[in-house]
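Reading the sequence shown from the start, the letters are residues 409 to 540 in my numbering. Below: the structure, in structure tokens.
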Amino acid sequence: MKKRILGNSGLSVSAIGLGCMGMTQSYPPYIPKSESIALIRRAVELGVTFFDTAEVYGPFINEELLGEALEPYRDDVVIATKFGYDTVNSKNDSSGRPIALSSRPETIRQAVEGSLKRLRTGSHRPILSASR
409 MKKRILGNSG LSVSAIGLGC MGMTQSYPPY IPKSESIALI RRAVELGVTF
459 FDTAEVYGPF INEELLGEAL EPYRDDVVIA TKFGYDTVNS KNDSSGRPIA
509 LSSRPETIRQ AVEGSLKRLR TGSHRPILSA SR
């Protein structure tokens with residue numbers, strides 16, 4: 409599998425990544441959890457090291473799925489997740505997804521801490537990058 413370097417950090421990931429949103433959101437019917445885990449792990453076996461998710465996919469379910477599936481490979485893969493919705497104080501749409509955006513510091517802290525827990529990355533330091 410070809411690799412790509414992300415930014416100036418030297419972080420190397422597979423040229424092909426796996427976006428996991430459709431496993432828990434937007435494209436029903438969803439495959440069973442066990443099949444999603446098998447698919448993610450097969451992707452790792454084939455050389456994929458870059459996985460994409462977001463706290464709002466599910467909400468939260470997609471990060472939990474990815475955390476479980478990638479736990480045995482955690483030192484060998486990179487997970488990108490996204491945030492920006494106020495999942496605590498927001499009204500939800502008919503699917504249960506939050507609709508209010510928030511970039512308040514306390515919302516960001518809660519989102520990052522929640523994602524790290526769901527992704528089972530407690531012993532890993534996140535790489536945070538923001539434009540100013």
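The C-beta atom is built at its ideal place from N, Cα and C for all residues, glycine as well.
Item to check | DSSP bridge partner residues for Leu414 (one or two, in chain order) | outcome: Leu419
Checklist entry - Pick from Met431, Ser503, Pro480: whose alpha carbon is nearest that of Thr529? => result Pro480
Next on the checklist: Check whether the region 486–506 and the region 436–453 are in contact - that is, three or more C-beta pairs closer than 8 Å.
Outcome noted: no
Checklist entry - What's the gap between the Cα of Ser417 and the Cα of Lys411? => result 14 Å
Item to check | Terminal residues of the beta strand (DSSP E) in which Ala508 lies | outcome: Neither: Ala508 is in no beta strand (DSSP E) and is coded neither H nor E.
Next on the checklist: Below 8 Å on the Cβ atoms is my contact criterion, and I expect Leu527 with Gly475 to pass it. Report the Cβ-Cβ distance as a whole number of Å.
Outcome noted: 4 Å
Checklist entry - What residue from Lys441, Gly425, Gly415 has the CA that sits closest to Thr432's CA? => result Lys441
Next on the checklist: Per DSSP, what are the beta-bridge partners of Val520 in this structure?
Outcome noted: In the DSSP output, where bridge partners are listed per residue, Val520 has none listed.
Checklist entry - Just reading off the beta strand (DSSP E) that Val486 is part of, what are its end residues? => result 486–488
Checklist entry - When DSSP labels each residue in this structure, what does Asn470 get in the three-state scheme? => result helix
Checklist entry - Taking the C-alpha atoms as reference points, what is the distance between Thr461 and Gly430? => result 10 Å
Checklist entry - So, helix, strand or coil for Ser537, using DSSP? => result Here the model assigns Ser537 a pLDDT of 48, short of 50, so the residue's position is not dependable, and the following value carries that caveat. In this structure, Ser537 counts as coil in the three-state DSSP scheme.
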